[in-house]
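Per this note's numbering, the sequence shown starts with residue 54, numbered consecutively.
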Amino acid sequence: MLEESHIYFHKAADVMGLSSKLCDVLLAPYRVVKAEIITEGDDGKLKQHFGFRVQHNRARGPMKGGLRFHPTVDEAEATALANLMTWKTAVVDVPFGGAKGGINCDPAELSESELHNITRTFVGQIKEVIGPTLDIPAPDVNTNAKVMGWIMDEYSRFEGFSPGVVTGKPVHLFGSEGREEATGRGVMLVLEAVLKEQKKSLSDVTVALQGFGNVGSFAARLMAGKGATIVAVGDHMGGVSNSEGLDVGQLVQWVGEHRTVHGFPGGEAFESAEVLTWDADILIPAALGDVLTKDNAADVRASIVVEAANAPTTPEADEIFHQRGITVIPDILANAGGVTVSYFEWVQNIQQFRWDLDRIHRELEKYMAKAYRSVADVARKRHVDLRTAAFVLAIERVGEAAMSRRLFSETADLTR
Ligand code: NAD
Numbered sequence: 054m055l056e057e058s059h060i061y062f063h064k065a066a067d068v069m070g071l072s073s074k075l076c077d078v079l080l081a082p083y084r085v086v087k088a089e090i091i092t093e094g095d096d097g098k099l100k101q102h103f104g105f106r107v108q109h110n111r112a113r114g115p116m117k118g119g120l121r122f123h124p125t126v127d128e129a130e131a132t133a134l135a136n137l138m139t140w141k142t143a144v145v146d147v148p149f150g151g152a153k154g155g156i157n158c159d160p161a162e163l164s165e166s167e168l169h170n171i172t173r174t175f176v177g178q179i180k181e182v183i184g185p186t187l188d189i190p191a192p193d194v195n196t197n198a199k200v201m202g203w204i205m206d207e208y209s210r211f212e213g214f215s216p217g218v219v220t221g222k223p224v225h226l227f228g229s230e231g232r233e234e235a236t237g238r239g240v241m242l243v244l245e246a247v248l249k250e251q252k253k254s255l256s257d258v259t260v261a262l263q264g265f266g267n268v269g270s271f272a273a274r275l276m277a278g279k280g281a282t283i284v285a286v287g288d289h290m291g292g293v294s295n296s297e298g299l300d301v302g303q304l305v306q307w308v309g310e311h312r313t314v315h316g317f318p319g320g321e322a323f324e325s326a327e328v329l330t331w332d333a334d335i336l337i338p339a340a341l342g343d344v345l346t347k348d349n350a351a352d353v354r355a356s357i358v359v360e361a362a363n364a365p366t367t368p369e370a371d372e373i374f375h376q377r378g379i380t381v382i383p384d385i386l387a388n389a390g391g392v393t394v395s396y397f398e399w400v401q402n403i404q405q406f407r408w409d410l411d412r413i414h415r416e417l418e419k420y421m422a423k424a425y426r427s428v429a430d431v432a433r434k435r436h437v438d439l440r441t442a443a444f445v446l447a448i449e450r451v452g453e454a455a456m457s458r459r460l461f462s463e464t465a466d467l468t469r
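Right under this line is the structure:
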């Protein structure tokens with residue numbers, strides 16, 4: 054994954070004519086923390102885990118990114134994802150840099166009190182390098198609002214009341230209205246903006262989605278609410294289709310009870326992977342990375358791919374889409390609604406003032422529309438695809454901030 058994000062970065066750097074030295078400087082993380090986490094399990098035995106926090110770039114503000122609990126968490130993965138966060142926060146123009154981290158534990162094998170202990174111990178070890186003005190973690194794979202509440206509490210034990218140290222907190226504990234649906238709403242808003250340029254609206258299109266979790270289900274609900282026809286949804290267990298349009302409300306209810314779309318009576322069943330090549334105008338991968346590859350890209354039938362998941366398209370598939378004239382709305386733009394509302398949460402925490410849901414929706418719409426316009430402008434000016442344009446825009450913003458702060462002087466001429 055690190056190499057892939059670097060390929061996209063370098064494509065943009067070539068368009069900009071950046072020196073290789075400057076590329077090295079912009080790609081390298083600012084700080085990498087690895088901490089040994091020793092805790093006692095419920096059985097009284099010692100447990101050893103490792104926690105990572107990679108802080109990639111601080112030029113545009115405090116660093117921001119998720120914290121995940123997964124056995125495969127390591128420095129390389131956290132570095133690649135921290136890198137993406139730097140470009141994502143710059144594309145939507147929220148005043149943050151990029152970070153990412155996690156603990157290499159398997160939550161399925163741990164009790165809640167063991168997880169709680171591990172989380173607090175990790176916070177104790179990284180408390181000097183995180184904070185509302187330094188680095189602000191958020192939920193990610195296998196972490197949630199509850200875990201963010203623990204982090205806020207543990208950090209506040211050392212530093213005093215600090216709700217702004219994490220985002221994605223429960224709404225009753227200084228979280229923000231609208232955070233849960235923010236990524237899916239952002240996906241819908243960006244797609245709407247792209248369709249508008251093509252003189253279409255959501256009510257003109259059919260949509261196939263891979264993944265019906267947080268992002269996929271909210272995106273589907275909001276798109277259907279605006280008249281889109283959701284014709285196919287696939288998840289880890291199977292798929293369900295209906296050419297007349299699935300009843301998304303009922304599907305959400307079914308998944309709430311059965312944890313999968315498989316078996317939903319309001320459509321016909323199909324093999325999960327087929328969703329990627331479904332006959333629909335829009336394809337939204339909203340599950341895993343690396344699902345659109347050189348092996349299936351030629352068979353994709355949608356004319357627009359919206360990357361709701363992180364890194365769902367390999368560079369080979371991206372090239373095939375480009376040649377076939379398929380528009381790809383890149384992850385660093387398409388799924389940036391989440392980090393944007395995280396920014397709103399942080400702002401509310403700093404101000405000690407609550408925004409209502411209406412205001413969150415209005416502000417998110419403004420941010421996503423502006424981000425899309427800026428990316429589309431760069432694409433037009435530079436004659437590049439939206440992904441390359443998003444990277445160009447982000448690199449320019451990060452580079453300019455770094456130069457103005459004199460974080461490094463090598464950038465004397467960014468576009469040389
Ligand atoms: P989630 O865990 O809520 O849902 C994941 C979905 O993917 C589920 O429907 C699951 O069944 C499906 N899935 C898992 N394995 C699959 C497989 N092998 N084949 C098909 N489907 C499979 O996760 P989420 O929060 O909705 O995140 C989805 C993606 O969006 C991830 O790539 C995540 O990194 C990215 N993302 C999420 C957010 C956010 O705010 N939640 C923000 C930015 C990016």
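Note that beta-carbon positions come from the ideal geometry of N, C-alpha and C, so glycine has one too.
Option nearest residue i by Cα separation, candidates the options
i      : options                           : result
Gly269 : Ala370, Thr313 and Arg210         : Thr313
Asp288 : Gly280, Arg274 and Ala339         : Ala339
Gln405 : Arg435, Phe214 and Asn363         : Phe214
Lys279 : Met116, Gly302, Ser254 and Arg412 : Ser254
Leu417 : Asp77, Val394 and Ile171          : Val394
Ser209 : Met421, Val194 and Val176         : Val176
Phe265 : His311, Ser256 and Ala424         : His311
Asp411 : Gly452, Glu230 and Leu439         : Glu230
Ile171 : Asp438, Pro365, Thr367 and Gln101 : Gln101
Arg111 : Gly150, Val85 and Ile382          : Gly150
Val243 : Ala370, Ile373 and Ala361         : Ala361
Gly347 : Ile337, Val359, Ala322 and Arg377 : According to the sequence as given, residue 347 is Lys; it is not Gly. Nearest option by C-alpha distance: Arg377.
Glu128 : His414, Ile357 and Val85          : Val85
Thr92  : Glu167, Leu304, Lys64 and Ser457  : Glu167
Ala81  : Asn136, Val144 and Glu321         : Asn136
Ile413 : Leu187, Glu57 and Gly239          : Gly239
Glu398 : Ala133, Phe227 and Thr186         : Phe227
Val358 : Phe105, Glu245, Trp408 and Trp203 : Glu245
Lys249 : Glu297, Ala422, Leu460 and Ser73  : Ala422
Ala429 : Pro383, Arg459 and Arg415         : Pro383
Ile337 : His315, Thr366, Phe323 and Ala351 : Thr366
Arg450 : Asp67, Met69, His63 and Arg113    : Arg113
Leu163 : Asn195, His315, Leu341 and Lys434 : Asn195
Residue i - DSSP class collapsed to helix/strand/coil
i      : result
Gly342 : coil
His225 : helix
Ala261 : strand
Asn110 : strand
Ile385 : helix
Thr220 : coil
Leu99  : strand
Arg121 : strand
Leu439 : helix
Phe271 : helix
Phe62  : helix
Thr367 : coil
Leu71  : coil
Trp255 : Contrary to the premise, residue 255 reads as Leu rather than Trp in this sequence. Here Leu255 sits in helix by DSSP.
Phe444 : helix
Ser457 : helix
Phe105 : strand
Residue i, enclosing alpha helix (DSSP H) - first and last residue
i      : result
Asn402 : Gly390 to Gln404
Val247 : Ala235 to Glu250
Range of the contiguous beta strand (DSSP E) that encloses residue i
i      : result
Leu85  : Just to set this straight, residue 85 is Val in the shown sequence, not Leu. Element bounds for Val85: Arg84 to Glu93.
Ile379 : Premise fails: Ile379 is in no beta strand (DSSP E) and is neither H nor E.
Val353 : That residue, Val353, is in no beta strand (DSSP E); it is neither H nor E in DSSP.
Val358 : Ile357 to Val359
Heavy atom of ligand 3 within 7 Å of residue i beta-carbon
i      : result
Asp127 : As for ligand 3, it is missing from this structure, which binds only ligand 1.
Beta strand (DSSP E) runs contained entirely in the stretch 277-334, provided each spans 3 or more residues: Fully enclosed beta strand (DSSP E) runs of 3 or longer: 282-287, 292-294 and 321-323.
Alpha helix (DSSP H) runs wholly inside the stretch 138-204, at least 4 long, in chain order: Restricted to the stretch 138-204, the alpha helix (DSSP H) segments that are unbroken, complete and at least 4 residues in length are 165-179, listed in chain order.
Below 6 Å from a heavy atom of ligand 1 - residues by beta-carbon: Listed by position in the chain, the residues whose beta carbon lies within less than 6 Å of some heavy atom of ligand 1 are Thr236, Gln263, Gly264, Phe265, Gly266, Asn267, Val268, Gly269, Gly287, Asp288, His289, Ser325, Ala339, Ala340, Leu341, Ala361, Ala362, Asn363, Asn388 and Gly391.
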